[in-house]
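So the protein lines, in turn, are chains A and B.
Under our numbering, the first residue of the first sequence is numbered 391, with each subsequent residue one higher.
Under our numbering, the first residue of the second sequence is numbered -8, with each subsequent residue one higher.
Beta carbons: idealized from backbone N, C-alpha and C, even for Gly.
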Amino acid sequence: MRGFEPRPLGTGRVLALLGAIAALLLPHATRIPLWISTATGVAFAVRALFAWRGYGMPPQWILAALAVASAGGIWFSYGALFGRDAAVALLILMLSLKLMELRSTRDALVLIVLGYFLAITDFLYSQTIATALYLVTCVWCITACLVAFQYRSQQPRAVPALRASAVMLAQAAPLMLVLFVLFPRVQGPLWGLPQATSSGVTGLSDSMSPGSLSNLSLSDGVAFRVDFAAPVPALGRLYWRGPVMWDFDGRTWRAGESPGAGISGIDTIGEPIRYTVTLEAHEMRWLFALDVPAQIVEGSRLTGDLQLIAGRPVRNRLRYDMSSHLDYRFGLAEDAVNLQRARRLPRGFNPRSVALADQWRSAGASPRAIVQQALSMFRQQPFFYTLVPPELGRDSVDEFLFDTRRGFCEHFASSFVVLMRAAGLPARVVTGYQGGVLNPLGDYLMVRQSEAHAWAEVWIENEGWIRVDPTAAVSPQRIEAGIAAAIPDGEPLPLLVRTGNPWLRQMRFGIDAMANGWNQWVLGYSPDRQMRLFQRVGFSDANWHNLVIALMVATGVVLGALSLVVMRRLRRSATDPLVGAWNALSRKLATASPKLARQAHEGPETYLMRAAAAFPQTREALQRICRLYADARYGPAPSPTSAKDLARLVRALHLEAGGH
Amino acid sequence: MADRVALGDRVADWIFPARGVEHGPVLLTQRRIYIVPTRQGWLFTVTLLLMLLASINYNLGLGYVLTFLLAGLGVIGMLHTWRNLAYLEIRPGRVEPVFAGEAARFPVVVVNQAGFGRLAIGCDRADAPLAYGDIAPRDATTITVEVAAARRGWLAFGRFRLFTGYPLGLFYAWSRLEIDLQALVYPQPEAGEPALPVAADLDGDSGHRGRGADDFAGLRDYHPGDPPRHIAWKSAARSDRLHTKLFDGRVGRELLLNWNDTSSAMPLDARLSRLARWVLMADQRGFDYGLRLPARDIRPGTGAAHLHACLEALATFDSRANGGQTGAVPGAT
């Protein structure tokens, strides 16, 4: 294929290509080890200098040596050449080396295609709207480079290349949409286990110590979003159950081993409420559901303490349908071993609390009364709900209950459970989220990390496990109206959680609604969702086969429409309007009198003279037409409207039948 | 790649057989345009497949978006590449004669009736460097292809390919055509300045007399091809014959370049080269020269048209048609 042999590059085009690819790699700069970013930066700078000065490229053996050194460096930094991060870093280094081989347009095209591939690696780390916009801009510029390398004229210019690239990408967008919606989706992963897609995510963990939840509450990140099929229940009833903490070492609560499956022990009242949760990746295996879950998610299991555990860590955003009973009783027949575990306390810690609980027990109060006594202690004594509690020492519960009395939900839950256990009642800490914020724009509930919460469960004979939320005793506002209302002004709550500024609040809802739509329709468009969408638009039998047919048909239709758009103005319009008007006149005359059909040899003047002889009363009009046509056709400066004028005159011409 | 295109050409020949030289403008209609992916196009396709796999494996919603956007871009690029060639009108331009050993310049005129520009249209003829042209909307451009003219005679441009890879270079669209385009290749003039055969001066005098070139020197019978301003109209009025006025100076000398004056020991082409050089020398020095070849006789004359006629006769000289290479010229007039 001649015409595609290597051709030398222009300086301008090389610099443009370097710029575009550098922009593409920029988001990786902070994620890869410093030495790789530095080496890559140097490679780009050196290649730009070479292009500027017109130097030749370094010899092959230097590049080969550098390639080996790069692979060695990757091995040293990552301990592997494969795996997501190492492969991306290796790809970046190889691209930098390829720059040193950039001699001809063919090399440039290889670099550009490599650049397209590198664009997708950015999405491994971030898939936000901003990332998408940034990378589409990069792809636009790189495509413009691709176009520029096809120019053969002396001076390729940037603006036409950018325009051509924009036009083609815009025309590709409808095809992209069709393929995105209808291309049969396969559930990944196809091989191996993908590594963490996001590092340093915040979320609940399997342990809880003073300060862990209050730190979490400072994060504005979304934990999950919920779509309710029916109206949203009152915020005070929304307890999203997460890790359950059984074991206490005096300072830290741990989930430990969960008791075996126990969904059978639940007595429910009424119909469950149905909703759909879109859970953000949090690298842990908990799935969150309202207390108590009435079903399980495919691939997950329900433990004896009602934790919903996924088969593997949630590394990608996950969407699942759930239903829950808000009115229930469970654990009436709890295993004695579990009850024993729920009474255990470390020896030698928090003596004052243990003494207080002993005092309640020896007074012979019923379990209910003991619970009430503890709650009234929180209510009546000067306890404060705060995000910035003072530091606590070794006997954290003692110090909190008797000295500082300022704490966040984990302090209240922890000290309450310690008191219960000391009083001989089985009790445990449940962490999760409480409440949420209804987004009026998207009509869904946002649950953020700042809604993280800890509460207690106490087991009482014949009643089972009962939820007790000591925080509610201190700060009913927290439960009824959300954290923003409960935290005193001046404490460092995330800016966007604050309720104060209505405009800011509105913007926050808008942004989150957008992010939610993005998550649901772009990032979370799974095989399952694809089938459901397909069913919703009326295909009762949504299967792979029908999907392929729909894809073919839609692609054909869109491609046909696009072809029409691309091919418009390809040929000169079939008939000149002037000729059209003239032909209309001939037809009109020929219809009026068959003798007046225009002969091939007749010029306009002789023809119209003949017509005027047949229809004398139209002589003047015909003369006007003749003049206008001759002027428009052969005159030195035809009027731009002559074709329209002529058409008007021809229409206005009245030929009386039988005038001949 | 070359193999595939060669195969493509063969398939194309089968679907759309060579029709010989087409006279008049050729419109590149749908059926005349073929398109295949380039090597870069295949690389791009493989890359897209890898991107699709990565998107599936890592559940990258945006990965799907990018992959499908680029796939769409490839398809749109194909349409644009095809469109870049479609409905161009190709006409032959005017080819100037050249001497053998020079490069003949074949102008291929490309007319664009569309409302958009056509960029990077290439012209590919075997044994010639590629030539490219851009054509503005509703405009025409001449793409000139230089072909080495090795031998005298008519050099046909022959079958060639009009192609384009614009805008993305992922596809190669082409059309094969043969238009009425040929160059006349004069024999290569012999190097140096071989001695001219003796000038046959009509007035028996040789050399310059030192008088002005406009000085009247006498009359002779009119030969077709004599400049009209040299016709002696006054004497024509007196007699029934036309006479041509002869002027002194250089014009007056008439030279007959005869095939027989070249050594029969020389090969045919060397003899033609000698004659070509003589013709050029005679023209340069202002002789009134004629050319006598076996079976071809050009009366003496001057001027560019005459020069061309003489060189054309030499270029198209066919020894077989003239009864053999060493065939002698029949006796002088």
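Reference residue i, options the options, closest by Cα
i, options, result
"residue 69(B)", "1015(A), 667(A), 949(A), 1045(A)", "949(A)"
"residue 74(B)", "246(B), 13(B), 158(B)", "158(B)"
"residue 739(A)", "868(A), 568(A), 640(A), 844(A)", "640(A)"
"residue 1020(A)", "610(A), 822(A), 971(A)", "971(A)"
"residue 968(A)", "661(A), 1037(A), 1009(A)", "1037(A)"
"residue 142(B)", "122(B), 175(B), 119(B), 154(B)", "175(B)"
"residue 128(B)", "52(B), 72(B), 108(B), 65(B)", "108(B)"
"residue 480(A)", "841(A), 622(A), 496(A), 456(A)", "456(A)"
"residue 32(B)", "161(B), 284(B), 165(B)", "161(B)"
"residue 119(B)", "148(B), 101(B), 106(B), 293(B)", "148(B)"
"residue 982(A)", "1029(A), 1033(A), 1043(A)", "1043(A)"
"residue 580(A)", "1(B), 43(B), 15(B)", "43(B)"
"residue 293(B)", "247(B), 257(B), 309(B), 284(B)", "247(B)"
"residue 705(A)", "444(A), 757(A), 613(A)", "613(A)"
"residue 487(A)", "461(A), 854(A), 867(A)", "461(A)"
"residue 663(A)", "648(A), 1000(A), 624(A)", "624(A)"
"residue 285(B)", "297(B), 250(B), 296(B)", "250(B)"
Contacts of residue i in chain B (Cβ-Cβ under 8 Å)
i, result
"residue 949(A)", "66"
"residue 533(A)", "64, 159"
"residue 961(A)", "78, 104, 105"
Chain-ordered chain B contacts of residue i [CB-CB under 9 Å]
i, result
"residue 913(A)", "50, 51, 52, 53"
Buried or exposed by the 16-neighbour rule on C-beta atoms within 10 Å, applied to residue i
i, result
"residue 95(B)", "buried"
"residue 511(A)", "buried"
"residue 800(A)", "buried"
"residue 926(A)", "exposed"
"residue 939(A)", "exposed"
"residue 99(B)", "buried"
"residue 720(A)", "buried"
"residue 179(B)", "buried"
"residue 308(B)", "buried"
"residue 564(A)", "buried"
"residue 276(B)", "exposed"
Same chain, Cβ closer than 6 Å to residue i, neighbours up to 5 away in sequence not counted
i, result
"residue 485(A)", "504"
"residue 181(B)", "264, 265, 268"
Residue i and residue j closer than 8 Å at C-beta
i, j, result
"residue 742(A)", "residue 792(A)", "yes"
"residue 683(A)", "residue 669(A)", "no"
"residue 113(B)", "residue 29(B)", "no"
"residue 104(B)", "residue 977(A)", "no"
"residue 146(B)", "residue 17(B)", "no"
"residue 732(A)", "residue 817(A)", "yes"
"residue 1051(A)", "residue 575(A)", "Here chain A has residues from 391 to 1050 only, and residue 1051(A) is not among them."
"residue 562(A)", "residue 39(B)", "no"
"residue 132(B)", "residue 122(B)", "no"
"residue 840(A)", "residue 610(A)", "yes"
"residue 76(B)", "residue 41(B)", "no"
Own chain partners of residue i with C-beta closer than 7 Å, once the 5 adjacent residues on each side are dropped
i, result
"residue 834(A)", "615, 616, 617, 906"
"residue 910(A)", "668"
"residue 975(A)", "1015, 1040"
"residue 471(A)", "461, 464, 465, 480"
"residue 530(A)", "555, 556, 559"
"residue 35(B)", "65, 161"
Chain B residues whose Cβ lies nearer than 7 Å to that of residue i
i, result
"residue 706(A)", "50"
"residue 371(A)", "Outside the modelled stretch of chain A, which goes from 391 to 1050, sits residue 371(A), for which no answer is possible."
"residue 506(A)", "38, 61"
"residue 953(A)", "70"
"residue 509(A)", "57"
Residues near residue i in its chain [Cβ-Cβ closer than 8 Å; skip 5 each side]
i, result
"residue 936(A)", "924, 929"
"residue 403(A)", "498, 535, 538, 539, 546"
Contacts that residue i makes with chain A (C-beta to C-beta distance below 7 Å)
i, result
"residue 111(B)", "540, 541, 542"
"residue 126(B)", "Under the 7 Å cutoff, chain A gives no residues; its nearest Cβ is about 11 Å from residue 126(B)."
"residue 35(B)", "503"
"residue 24(B)", "Per Cβ cutoff of 7 Å: no residues; residue 24(B) is ~12 Å from chain A at best."
Contacts of residue i in chain A (Cβ-Cβ under 8 Å)
i, result
"residue 131(B)", "The contacting residues do not exist; residue 131(B) stays about 13 Å from chain A at best."
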